[in-house]
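If you read the sequences in order, they're chains A and B. Per our numbering: the first sequence = residues 2 to 449. Per our numbering: the second sequence = residues 36 to 249.
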Amino acid sequence: MLDYLYAFNEGLIRILPLSPQGTETFLFMMIGMMVGFAVGILPGLGGATTLALMLPFIYNMDPTTAFAFLLGSNAVTATTGDITSVLFGVPGEGITAATIVDGHPMAKNGEAGRALGAALMSSLVGAVFGAFMLAAAIPIVSPLVLSIGSAEFFMLAVLGITFVASLSGENIPKGLAVGGLGLVLAMIGLDPIESVPRFTLEGLLGEDHSLFLWDGLALVSVTVGLFAIPEIIDLAVKGTSIAGDVQPTKLGGVMEGVKDTFRHWKLVLRCSGLGAYIGLIPGMGGGPAQWMAYAHAVQSSPDKERFGKGAVEGVLGPGAANNSKEGGSLIPTLAFGVPGSVSMAILLGAFIIQGIVPGPDLLNPDKHLTLTFSFVWIIVVTNIITVAICFMFLNQLAKITFIKGTYLIPFLLLLIYLGGFAVKNSFGDMMLVLIFGMIGWLMVKYDW
Amino acid sequence: MVIAFITLLGVFYPYIGKLFKRMSPSNILHVADEPTRTSVPLPLVTRIGQSLFALCMLLVMAYVVWEAKWGFGSWEPRAALFPWVVGVPTFLLTLYIFIKDSLQSTRELTVEEFHFENEPEVEPAVARRRTFAITCWIAGFFGAIWAFGFVPASAIATLLYLKFGAGERWPITLVIAAGCWLFFWGMFDYALQLPFPDGAVLDWVSLDRFSWRG
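Now the structure itself:
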């Protein structure tokens, strides 16, 4: 138990600027947080896109700094995503859509400040709750994970694949086919046992160029292409600013919203628990969490008629749940290597880059337990800072969404190609970004 | 056993979910509130597009199966085992999807989706033109980076896009292009010293990468 307490304490010290190493980690966490902050505000660009964009930059970082950078950027996107949901009815993230239902009517009723105060404070409470749930789960899941062998891990891998079915919605054959395609893409390159090149397109590309594929496809290039390019095409097709033609409203009553969070503390805690629990289930993600929390807020209220017209509980529930799921989804990711969400799947790529195998090592006090606890503190610290900054600059933040889409597109495109290039410093990876971007867009268009 | 049970639950989750949804009392009470679904015909362009995309997926999986059996699999069967196991069912699935998508002439929409589709934010013809244009620009940015190198391309491609793709005025075009160049040069070349290769054009005219830096 002392080992856990020591690691818990050390995890915090590692991310604070108390030593040169801690200062570097804190600095990168702030940079990541700023990126996540901006991306959370920009509708359409989600936490998964941020992680995919930031992944190439962690190659030369130590593990704590790398994960502070990545988690810092990912942990705040849901918090800032609530801002545009409330102000413009445009969700900053897919996982902040439920906040619109009551948050935007509140803004229309002249209670934008109160709605934002409630959304931000409940987000903070939710994030802290999820993070500490992760901390509390570590000693419990540790003995379980340590007793798991190869056979169980195989079954867990199969379990992870089966969640493709629940992610596919009503189109299960397409979901399974894309899952199969993903497995095939993972096989490109040298076979790890026989060292035979598989699917390296030697006949098509020639011997020189096919060598590029011997290493396999870089996860970053594929994910950057699949997630970011379709968003850019969407933005260009809309031809407006990212907030569309919506006009900003005046803010006021922010502190009233903060007080609402504590007035309805039981609801906020229940929804935080719900979010963390849903985050724990691989493949579920933040989408169901926010809607279930909203449904719970409606169901537990004696005055159901107010919902949809500007009930503050309808903002508090989803706000808490979409942030607490972050800590919850880290539990299966760290303990079993089974990602709880798309963001966590990309985060698994970061583990590979850092040479860390998720599972027992991350829960072992002699190995990476301190790193695991630093994840808890990263979520807590980044959310506290983000909420504080949001309160200070709410009016200015709202203006970002009115930047014309055409001004953003060149910058985003260059950043995406840079992300691909930085993996191996090769044009081949940029080509992969382009190819998978087009495939991703077609998949979205044709409902794959 | 526990994991196996959870796995089976995962496999049948969508069906169980549907069953519970149907049996839930609140669902029975709110049957009237359930969105009415309506069947709408699929436009010919969409039908052709989705069939072609499904065909491409089918061809990719056919290649996977062929390679696993008659390509590298013919001289190293052990390396082909996993591709074969994954490839065959996925090939069959893509074949099923191709047939289904080719024959599909209508699709089901809720009333809200139906209204949304009938009052689109952007006219379909404009959307198609813009999609084609942005696709060309996305490829164009890649071409510019390949031709001029990363840092010069950040200014050139941005300038060309803003002026000729987005039709922006010269002052804003120049400011954003310069800002992009400054950001990418300052952050990634000067500060992080990423080893950007020279552009192909600079190679052809025998300019080394330092010549544009002054």
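Beta carbons: idealized from backbone N, C-alpha and C, even for Gly.
Following a CB-centred definition, is residue i positioned closer than 6 Å to any heavy atom of the ligand FAD?
i       : result
A277(A) : As for the ligand FAD, it is missing from this structure, which has no ligand bound.
I'd like to know whether the C-beta atoms of residue i and residue j end up nearer to each other than 7 Å.
i       : j       : result
V316(A) : D103(A) : yes
V77(A)  : M34(A)  : yes
A237(A) : R165(B) : yes
Y418(A) : I211(B) : no
A178(A) : L128(B) : yes
L443(A) : F88(B)  : yes
I1(A)   : A132(A) : Since the first and last residues shown for chain A are 2 and 449, residue 1(A) lies out of range.
G420(A) : L28(A)  : no
N324(A) : A128(A) : yes
T224(A) : A119(A) : no
L173(A) : L218(A) : The residue asked about is misnamed: residue 173(A) is Ile in this sequence, not Leu. Not closer than 7 Å, so no.
P118(B) : N426(A) : no
V377(A) : A69(A)  : no
I169(B) : A179(B) : no
P361(A) : T193(B) : no
V157(B) : G122(B) : no
F107(B) : R199(A) : yes
G48(A)  : N75(A)  : yes
P340(A) : L349(A) : yes
L413(A) : I233(A) : yes
G329(A) : L281(A) : yes
L3(A)   : N384(A) : no
T450(A) : T97(A)  : Chain A is shown only over 2 to 449; residue 450(A) falls outside these bounds and no answer can be derived.
L202(A) : S211(A) : yes
Out of the options, which one is the CA nearest neighbour of residue i?
i       : options                               : result
A137(B) : G214(B), G84(B), W216(B) and V210(B)  : Note on residue identity: the sequence assigns Ser, not Ala, to residue 137(B). For S137(B), the nearest C-alpha among the options comes from G84(B).
E257(A) : M55(A), D235(A) and A113(A)           : A113(A)
P289(A) : M393(A), G318(A), G441(A) and M156(A) : G318(A)
P445(A) : F40(B), E102(B) and T81(B)            : What sits at residue 445(A) in the sequence shown is Val, not Pro. Of F40(B), E102(B) and T81(B), the residue nearest in Cα terms is T81(B).
I404(A) : Y7(A), P340(A), A39(A) and V159(A)    : A39(A)
M107(A) : F308(A), G441(A) and G338(A)          : F308(A)
L363(A) : L415(A), Q300(A), V142(A) and E203(A) : V142(A)
R113(B) : E195(A), D216(A) and Q291(A)          : E195(A)
A187(A) : I354(A), D216(A) and K175(A)          : D216(A)
Q139(B) : G221(B), F40(B) and S86(B)            : S86(B)
I84(A)  : G406(A), F394(A) and M431(A)          : F394(A)
I354(A) : G254(A), A67(A) and Q22(A)            : A67(A)
L90(B)  : P124(B), A213(B), I132(B) and T73(B)  : I132(B)
In whole angstroms, give me the CA-to-CA distance for residue i and residue j.
i       : j       : result
P193(A) : Y447(A) : 35 Å
N365(A) : I101(A) : 42 Å
K260(A) : V75(B)  : 48 Å
E69(B)  : E143(B) : For E69(B), the predicted model reports a pLDDT of 49, less than 50, meaning its position is unreliable and no value from the coordinates is stated.
A336(A) : S273(A) : 21 Å
V87(A)  : A152(A) : 48 Å
A229(A) : G438(A) : 7 Å
F126(B) : I59(A)  : 37 Å
E327(A) : V382(A) : 14 Å
G37(A)  : A97(B)  : 41 Å
I134(B) : L93(B)  : 10 Å
G82(A)  : G429(A) : 34 Å
K198(B) : P206(B) : 10 Å
E25(A)  : S222(A) : 27 Å
F155(A) : Y225(B) : 46 Å
M31(A)  : I440(A) : 34 Å
Y278(A) : M134(A) : 9 Å
I139(A) : Y5(A)   : 9 Å
L270(A) : K310(A) : 23 Å
G202(B) : C215(B) : 18 Å
How would you list, in chain order, the residues of chain E whose beta-carbon sits under 7 Å from the beta-carbon of residue i?
i       : result
S189(B) : Annotation note: the requested chain E is absent from the structure, which comprises protein chains A and B.
>> With three or more C-beta pairs closer than 8 Å as the rule, is the stretch 337-350 of chain A touching the stretch 289-307 of chain A?
In response: Output reads no: the stretch 337-350 of chain A does not touch the stretch 289-307 of chain A.
>> For the structure I just gave you, are there three or more beta carbon pairs, one from the stretch 228-239 of chain B and one from the stretch 181-190 of chain B, closer than 8 Å?
In response: The stretch 228-239 of chain B makes contact with the stretch 181-190 of chain B; the number of CB pairs closer than 8 Å reaches 3 or more.
>> Any contact between the stretch 10-19 of chain A and the stretch 183-192 of chain A? By contact I mean 3 or more CB pairs, one from each, below 8 Å.
In response: Not touching, per the Cβ criterion.
> Can you list the beta strand (DSSP E) stretches of 3 or more residues lying completely in the stretch 178-204 of chain A, in chain order?
Replying inline: With a minimum length of 3 residues, no continuous beta strand (DSSP E) run stays inside the stretch 178-204 of chain A.
> Any contact of the stretch 3-14 of chain A with the stretch 360-380 of chain A, i.e. 3+ C-beta pairs under 8 Å?
Replying inline: With a cut-off of 8 Å, the stretch 360-380 of chain A and the stretch 3-14 of chain A count as touching, because enough Cβ pairs lie within range.
> Unbroken beta strand (DSSP E) runs of length 3 or more, entirely within the stretch 182-223 of chain B: which are they?
Replying inline: Taking only runs of at least 3 residues, no beta strand (DSSP E) segment lies wholly in the stretch 182-223 of chain B.
>> Can you confirm whether the stretch 170-180 of chain B touches the stretch 428-435 of chain A when touching is taken to mean that 3 or more C-beta pairs between the two stretches lie within less than 8 Å?
In response: The stretch 428-435 of chain A vs the stretch 170-180 of chain B: in contact.
>> Give the list of continuous beta strand (DSSP E) stretches no shorter than 3 residues that lie fully inside the stretch 102-176 of chain B.
In response: Listed in chain order, the complete beta strand (DSSP E) runs (minimum 3 residues) inside the stretch 102-176 of chain B are 141-145.
> Which ranges would you report for the alpha helix (DSSP H) in the stretch 44-90 of chain A if only whole runs of at least 4 residues count?
Replying inline: Within the stretch 44-90 of chain A, complete alpha helix (DSSP H) segments of at least 4 residues are found at 48-55, 64-76 and 78-89, given in chain order.
> Mind pulling the alpha helix (DSSP H) runs of 4 or more residues that sit fully within the stretch 348-389 of chain A?
Replying inline: As for any alpha helix (DSSP H) of minimum length 4 sitting wholly inside the stretch 348-389 of chain A, the runs are 361-364, ordered along the chain.
> Which runs of the alpha helix (DSSP H), 4 residues or longer, sit entirely within the stretch 258-294 of chain A?
Replying inline: DSSP runs (the alpha helix (DSSP H)) wholly in the stretch 258-294 of chain A: 266-281.
>> My parser needs the alpha helix (DSSP H) runs of 4 or more residues fully inside the stretch 210-249 of chain A; what are they?
In response: The qualifying runs are 220-239.
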